[in-house]
Amino acid sequence: MKMVHMKINGMPVEIEAGQNLLAAAKKVHVNIPVLCYHPDLPAWAACGLCVVKQENSPKLLRACATPVQENLSIITHDAELYQIRKTVIEMIMSTHPNTCLTCARNGVCELQRFAAEFGVREQPFEVRIADLPKDTSTTSIVLDPTKCIKCGRCVQVCQQLQGVYALEFIGRGDNTVMSPAAGLPLNDSPCIKCGQCSAHCPVGAIFEKDETALFVKATGDPNKHVVVQIAPAVRVALGEAFNLPAGTITTGKIYSALRRLGADKVFDTNFSADLTIMEEGTELVRRLTTGEGAIPQITSCCPAWTDYMEKYYPDMIPNFSTAKSPMMMQGAVTKTYYAEKAGVDPARIYSVAIMPCTAKKFEISRDDNMHASGYPDVDLVLTTREFARLIKASGIDFLKLEDEEADSPIGTYSGAGTIFGNTGGVMEAALRTAYHLITNEEMGDVNIEEVRGMEGVRSGEVDIKGTKLRVAVAHGMANVSTLLEEIREARDSGKEPPYHFIEVMACRGGCVAGGGQPYSTTDEVRAQRIAGIYTDDERSVTRCSHQNPEIIQIYDDYLGQPLSDRAHELLHTNYHERKIYKK
Amino acid sequence: MAFRNYILVCGGTACESSKSDDIYNALIAECKAQGVADEVQIVKTGCFGFCEQGPIVKILPEDSFYVQVKPEDVPELIAEHIIKGREVERLLYVKEKKKHAKVEDIEFYQKQFRIVLRNCGFIDPENIEEYIARDGYIALEKVLFEMTPDDVINELRTAGLRGRGGAGFPTWMKWNFTRQASGDLKYIVVNADEGDPGAYMDRSVLEGDPHSVLEAMVIAGRTVGSNQGFIYIRAEYPLAIRRLEIAMKQAREMGLLGKNILGSGFDFDIEIRLGAGAFVCGEETALLASIEGRRGMPVPRPPFPAVKGLWGMPTVINNVETWANIPVIIAKGGTWFNKIGTQDSPGTKVFALTGKIRNSGLVEVPMGITLREIIYDIGGGIAHGKEFKAVQTGGPSGGVITIENLDTPIDFGSLTKLGSMMGSGGMIVMDEDDCIVDVTKFYLNFTVDESCGKCSPCRIGGRSLANLLEKITKGNGELADLDQMLEIGQAMKKASLCALGQTAPNPIISSLHYFRDEYLAHIVDKKCPAGKCKSLISYYILPDKCIGCTACARKCPTGAITGERREVHVIDQAACIKCGVCYETCKFGAIEVR
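Here the protein sequences line up with chains B and G, keeping their order.
Take the first sequence: its position 524, counting from 1, is numbered 524 in the numbering used here, and each next residue is one higher.
Going from the second sequence to the numbering used here is simple: count from 1 and add 583.
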């Protein structure tokens, strides 16, 4: 790695070439304020806060967009820069409503933070707030253009990171808005509801639809039997909302908090992740051995991804695994298998899912198959951010809670179930069971390092006792197109498929960095959450889905075999082409 | 075949809009009708520059310069000038009762020095042979067969040519960066997204001499190792686009563009890209984004386009006027060019001289000439005998220059020192009737309209500044507004992403420096000394001058003026909308603006 030597505020800095001045300043413990820059994205250089001085030059540089250079000497803070930054903050505030108290990001807003740090005590400039309506058209996220500070992060995320192009800069000058093309409602746009825009928005201009009140109402209703499931990724991120380091595993405290919040039963989506593997793994083995169904098989547990595929790659629908997502499987068995076992009328059950994801709010009503039990299989989805607020509002001292266990019969999980939260996790979990299905033996070392990591697309070959499986993993929606083009090309030219099995997750890093997770997600945070998930896997009593005793039990007692008729009815779905633009 | 007479008709956009096309057609018809079609060649040229007096018709070999010609004048021109050999005196340019038959007699042209506009008004821009006849493509031949890329760079270095788009960056350095940069592909780009209010230098070059730009592009391609050029031109310039297309077609046919140019083995071709008229697309990174099909928004530099430009490849991007200089520099040598102009800024500069000037038009002058010479000697001074107030250079990015500084020799450095800038060449003259706050507001409204909206200092600060100026011209200004404008202006200058935002506050900073009193009159006295700001003026009828003719009362659109015939009239101030019709109507000077 080539190193560059430069000075920040007179202090010598040695740093790898290619980094920007923000990183150089960090090396000497100096933070330069930014509102538009986000480490996930290429520098956009819009907000004007990160301006710094170069020695002997009258022009200011934008630290976010300026690469380090040998012998560069930079001043990051002085009286003039302080004044310029304060004026810029005041300018931005002059177009941003003073409604912090009712804002989704109250207390965690990046603009609010700078206003506080710079001691802005009055509004010196003429206030001009755009008179624009909120976009509440989707079931997942809300756009409030009056709060938008035009930093461009959402557009960059939507286009560069996700490749969706639902959001675009519309209009010019001070009429610029971030919106779907032609000012369409988000729900009529290509939006896949992944919520990455909401996770990256520095202010409260894009946020998850808050449905915490519905949870409170349900728990207060004596006729409702409230059953809650928590997704794998929630357990390693929720702690951040309570100042725990990213990656801290808080599963036991979450179970405990849910009971205090009034949940009648606390289950775990990880159980159904195991169930998904039984179905999807069997489906894969069947496709491979019988020649029935398209190869490669592609995972379908990410609702943002399935939405994307239905819109952009409908010709790949035959390649989708028909297995539902773990959340939807959990909902279906909650209102059938559990209801039957516990003797509870499924009509009374209120099924809640705590998810790292905003698209999950959309998934529960995506089509009729989501009512496999005869009722809505999942009634309510709360994101990790909403869940954290609910815990706080309920006066629960989360950090002091005793760890508790999940309820039976659909609460136990294997390590394979928990790693669904990471990129590569579904693949790894499936391979652990596929090995068993193909060889009828157990894998020695179940850690499949080849499919782990953070590269946007990873591919390789897994040898299952002579059966060579070509697999690939993609995460960050924009990365998937190269894989799909490869498959299309092979298919259209009659060649052998380049892969047998592909895992796709819409969000970079997987569900651990979903659009509903606590704010300030960066690659560093992703790495910590991912490590937390693997730790949870290693600590698990069983590491493979087919070893989970409750899984064995549900097949014995209720489902029969994977891909049985009943399994098909409850646990599988189908996909349809959707228009990219509804109108 | 030689002709007895050549009739040159201006075919620039300004003269075409005054029916020069009809004149051209009438000339052809009339020559036929009067039986001299074989003896006279009629040529539609590019802009003569003297737009104030257009449409212009010049007849050679007598060099007779006819102005404000109408299609109806054509039969007389042919009958008198061509057939009888007598000049049509009534159509000659007249100044101070003296008729000026020839171009060299006209003061508008006397101090000009034409390099960029060398062919404008002399040749038919739609005929490549006329360009070639005036030494066109000689420079290209030299570059292809006699010079190495190093020689070309050195020639430009010796010439000292600086970019004419406004920033004045040495052209040889730009070319050299691209030449040295590594890239599978390299591109040559012409920035023809001229957009300053009142500026039309680039349009005139492309309309009048398109080959000069094409030749320069091929030269650059050969020098830096590029085979593809783009001309980014605003769609509002249809005539320039058409002439470029014709010129490209003719150059291809003659082997001057395309594969294996002049048998040298060197390939170079050009495509035109139309812009939708966004001013910000004149900013080079926004322009490149627009060519790539993306929204025209600037990105930070470095990396500069010379190293990482179009589609990430090294790209030479220069403004039209810069390009038009290149063939002459190569043909005549850098040393020749360097002797013209000043040491800081060799060569000439084309200005679009507009506003309250007697001779508006396009002028090309050697650098180092004073503003006084341009405004008074070339421009003929202020129109209608009014007092000079200031001149704005650099368009909406520049500032005002007042009477004390009129003798400053013009170059890149000197104008910046005065708080203005060279810019691309807009030069707008203001007289005593212009309100400086109102003019400044005009510029700010322009930049606010043209801001792309990407960076917050420009997007928000620009609007705040425009609104503060509006407040002042409405009579609601406070003294604190002046400090606030400077505070916002400072942040915009320093923290805006591109030159549009960085220079947008210049008109305010500069006018506040030179005309603070006029701002104070608006704010403290609630008066507009120039009588422009409607909220701050009132119209009154002077009783001793009003004869009661009722003319004003009849024209007043709101019926605010009352009075009996032959009696003094009165304006009802509450009903008056300050449209000024009464002022213009009164023949007795009885209406006063206070």
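C-beta atoms are modelled at their ideal positions from N, C-alpha and C, and glycine is treated no differently.
- For B/Tyr435, the enclosing alpha helix (DSSP H) covers residues Gly425 to Thr439.
- In this chain, the alpha helix (DSSP H) harbouring B/Leu571 covers Asp565 to Leu571.
- Take the alpha-carbon of G/Tyr770 and the one of G/Leu827: they are about 19 Å apart.
- Among the residues of chain B, those whose CB is under 8 Å from the CB of G/Arg1042 are Lys150, Gly173, Asp174 and Thr176, following chain order.
- Your pair G/Ser980 and G/Thr1086 checks out as a contact, with CB atoms roughly 4 Å apart and the cut at 8 Å.
- When 8 Å is used as the limit between beta carbons, G/Gln1067 is near these residues of chain B: Pro124 and Phe125, in chain order.
- Under a criterion of Cβ atoms nearer than 7 Å, no residue of chain G is adjacent to B/Phe501; the nearest Cβ is some 35 Å distant.
- In the structure shown, the three-state DSSP call for B/Asp463 is strand.
- Around the Cβ of B/Val512, a 10 Å sphere holds 16 or more other Cβ atoms; the residue is buried.
- The region 84-92 of chain B and the region 1064-1074 of chain G touch, with three or more beta-carbon pairs separated by less than 8 Å.
- Between B/Thr542 and B/Gly456, the C-beta gap is not smaller than 8 Å, which leaves the two residues out of contact.
- Fully contained in the region 438-506 of chain B are the following beta strand (DSSP E) runs of length 3 or more, in chain order: 457-464, 467-475 and 501-505.
- Counting C-beta pairs closer than 8 Å gives three or more between the region 1166-1177 of chain G and the region 1112-1132 of chain G, which meets the contact rule.
- In this structure, the alpha-carbon of B/Arg578 lies about 15 Å from that of B/Ser365.
- When beta bridges are read from the DSSP output, G/Thr1030 appears opposite no residue.
- Within chain G, the residues Pro881, Val882, Pro883, Lys1037, Cys1038 and Leu1080 have their CB atoms less than 9 Å from the CB of B/Ala45, given in chain order.
- Of the residues assessed, B/Met355 falls on the buried side of the cut-off, its CB having 16 or more other CB atoms within 10 angstroms.
- In this structure B/Thr384 is in contact with B/Val234, their Cβ atoms being roughly 5 Å apart against a cut-off of 8 Å.
- A residue is called buried once 16 or more other Cβ atoms fall within 10 Å of its Cβ, and B/Ile129, having fewer, is exposed.
- Across the structure, B/Arg259 and B/Pro549 are spaced so that their CA atoms are roughly 24 Å apart.
- Residue burial is scored here from C-beta neighbours: G/Gly595 has at least 16 other C-beta atoms within 10 angstroms and is therefore classed as buried.
- Fully contained in the region 1114-1155 of chain G are the following alpha helix (DSSP H) runs of length 4 or more, in chain order: 1134-1138.
- B/Val512 sits in a helix when the DSSP states are folded into three classes.
- In this structure, DSSP gives B/Ser394 a state outside helix and strand, which the three-state scheme calls coil.
- Residue environment analysis places B/Lys335 among the buried positions, since at least 16 neighbouring C-beta atoms fall within 10 angstroms of its C-beta.
- Between the region 910-919 of chain G and the region 718-728 of chain G there are three or more C-beta pairs closer than 8 Å, enough to call the two in contact.
- Proximity of B/Gly163 to chain G, defined by a Cβ-Cβ separation below 8 Å, is not satisfied.
- B/Ala166 is the residue among B/Ala166, B/Val30, B/Leu570 and B/Lys217 whose C-alpha sits nearest the C-alpha of B/Ser189.
- For the C-beta of B/Thr95, the chain G residues within less than 8 Å are, from N- to C-terminus, Ile1043.
- Where B/Arg85 is concerned, the enclosing alpha helix (DSSP H) starts and stops at Ala79 to Met93.
- Residues Ala218, Lys224, Val226 and Asp379 of the same chain have their beta carbon placed closer than 6 Å to that of B/Tyr350, with the five preceding and five following residues left out of the count.
- Residue-level contact check: B/Thr87 touches chain G, since one or more beta carbons of chain G fall below 8 Å from its beta carbon.
- For B/Glu405, the secondary structure class from DSSP, reduced to helix, strand or coil, is coil.
- Here G/Pro821 carries a helix assignment [DSSP, helix/strand/coil].
- Bridge pairing for G/Leu643: G/Tyr589 [DSSP].
- Taken in chain order, the members of the region 15-49 of chain B whose beta-carbon sits within less than 9 Å of a beta-carbon on chain G are Leu35, Cys36, Ala43, Trp44, Ala45, Ala46, Cys47, Gly48 and Leu49.
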